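Let me begin by presenting the structure, written as structure tokens, before commenting on it.
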Amino acid sequence: MIRRQAGLAVVGVTVLVALTTGCSPRHTATSTPQSGATAPAAAVSSVAPDTAITAITVPSAPTPADATPATADAVTGPTPAGAAGSVAAASMLAEVNKDLASIDNGTSAADKELAAGDSARSQDDEN
Amino acid sequence: MSPASKEHTMNRITTATAGLAVAAVSLVGLSGTALADSSSTTATTSTTSPSAAPAHGDNLAAIQAKAAAAITRRLSAISVAINGINNSSVISAGDKTTLLATLNGDVSGLTALGTTIAADTTAKQAATDYRTIFTGYRVFALALPQVHFAAAADSITGVVLPKLTDAQTKLAALLAGVDSGKNTPEVQAAMADLATQITAIGAATSGLSATVLAYTPAQYDANHALLSPARASLATSRNDVKTARADITTVTKALK
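Protein sequence lines, in the order shown, are assigned to chains A and B. Heads up, the first sequence is in my numbering, so the first residue is 1 and it goes up one at a time. Heads up, the second sequence is in my numbering, so the first residue is 128 and it goes up one at a time.
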């Protein structure tokens, strides 16, 4: 009986560790994008050694003035497989959707500027 | 600021300085007309044709009135543009500096020119100075489009393009990992086209705002199609962004 309980406890801890390490890259990267880049790699590789994430950083806020979001958002490896990978994938897709919103905002701003420039050019200034 | 931009700005400032010097020795005239009119820009703009050339035979007073209206209209438009630049979240800091230097130089130059024209004593001289309102500044034909086209270019290079690249990177990671089973030929084609579009947008807009901002009124006077290539590049890039966005949507739909 005691041996069975001990076995269950070991399994439980193993699952807990696996889930924790599987999710840790994003959480670690969220708080410390620079220093956390290596730790998540090791953590993920323990779950899926063949698909280790070397670095994931959270994108900067999608403000129009943000001039360097892409370089800050480097994802240098494939997403891991399994449940943890699904969570990471969903999160990453959500970030892609944020990118789309920023793209739309930037495009809209560019369109307005082009229209304003065209409007200025259309005025009589040809003396 | 690029050397060309500096030269551009210096040319305009030199003109402004010369105008101020002339105005300083011309203590008479209608110097107050242009400045006074600046408080009623809307009425002036809507009731006159400020940029119309003086009609043959216009007398001195008529030319001076048209000049005052034309200058007021331009100063008002420049004021709006300066405010927009200061509040812009898409124009790069460097481009803001260049644009503000150019436009503030134009304000000084046009104000001084207005004083000069108001002090002119012959219709012939006033008509000659009047033409400088256009040929020396090209506010509507060049300066204001420079503001807007540079802003459009900066929006693409500073906001849109990085986000396209970011989305591309994330989608590539997904397709190489957990979603590798969804990497269908259609998705692969979309990703390939996305890469093509991003490359094209980058090539078309790299350095574009600097190119636009370097243009001078003198260059425009020699070539009225001066801005056309930049405008065409922006239009092409705009379409490329639309295509790239569609590529991203194709992939994200496949991954859901």
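The C-beta atom is built at its ideal place from N, Cα and C for all residues, glycine as well. The structure displayed is predicted, hence computed values, not measured ones.
Straight-line Cα distance separating residue j from residue i
i	j	result
B:LYS297	B:SER333	23 Å
B:THR358	B:ASN210	It is worth fixing the name first, because residue 358 of chain B is Arg in this sequence and not Thr. Those two C-alpha atoms are separated by around 23 Å.
A:ALA101	B:ARG372	10 Å
B:ALA262	B:GLU313	Note that residue 262 of chain B corresponds to Thr in the displayed sequence, not to Ala. Taking the straight line from one Cα to the other gives about 54 Å.
B:THR284	B:SER219	10 Å
B:SER167	B:THR199	Caution is warranted here: a pLDDT of 30 is assigned to B:SER167, below 50, making its placement in the model unreliable, and no coordinate value can be reported.
B:ALA345	B:VAL368	33 Å
B:HIS275	B:LEU227	13 Å
B:ALA189	B:GLN273	31 Å
B:ALA194	A:ASP104	43 Å
B:ASP256	B:ASP320	54 Å
B:ASP222	B:LYS309	43 Å
B:GLN315	A:ALA83	25 Å
B:THR175	B:ALA322	Confidence at B:THR175 is low in this model, with a pLDDT of 36, below 50, so its placement is unreliable and no value can be given for it.
B:TYR264	B:GLY236	9 Å
Per-residue burial, residue i [other beta carbons within 10 Å of its own, 16 or more giving buried]
i	result
A:GLY106	buried
B:ASP293	buried
B:LYS290	buried
B:ALA170	Its pLDDT being 29, under 50, B:ALA170 is placed unreliably by the model, and nothing is read from it.
A:SER119	exposed
A:GLU113	buried
B:THR379	buried
B:VAL207	exposed
A:ALA109	buried
B:GLN324	buried
B:THR248	exposed
A:GLY36	Residue confidence for A:GLY36 is low, a pLDDT of 35 falling below 50, so the modelled location carries little weight; the figure read from the coordinates is stated next. With 16 or more other Cβ atoms within 10 Å, it is buried.
B:SER215	buried
Contact list for residue i against chain A, beta-carbon separation under 8 Å
i	result
B:ASP320	Within 8 Å Cβ-Cβ: nothing; B:ASP320 doesn't reach chain A, min ~16 Å.
B:ALA189	Simply none; closest approach about 15 Å.
Cross-chain neighbours of residue i in chain A, by beta carbon under 9 Å
i	result
B:LYS223	Within 9 Å Cβ-Cβ: nothing; B:LYS223 doesn't reach chain A, min ~11 Å.
B:GLY308	Near B:GLY308 there are no residues of chain A at all, since even the closest Cβ is about 10 Å away, more than 9 Å.
B:VAL368	ILE103, GLY106, THR107, ALA110
Rounded distance between the beta-carbons of residue j and residue i, thought under 8 Å
i	j	result
B:ALA204	B:LEU271	6 Å
B:ALA250	B:ASP185	7 Å
B:SER364	B:ALA331	5 Å
B:TYR342	B:LEU230	B:TYR342 to B:LEU230, Cβ: 14 Å. No contact.
Where residue i meets chain A, residues with beta-carbon distance less than 7 Å
i	result
B:GLY241	Neighbours of B:GLY241 on chain A: none; closest Cβ ~15 Å, over 7 Å.
B:PRO272	GLY117, ALA120, ARG121
B:LEU382	LEU93
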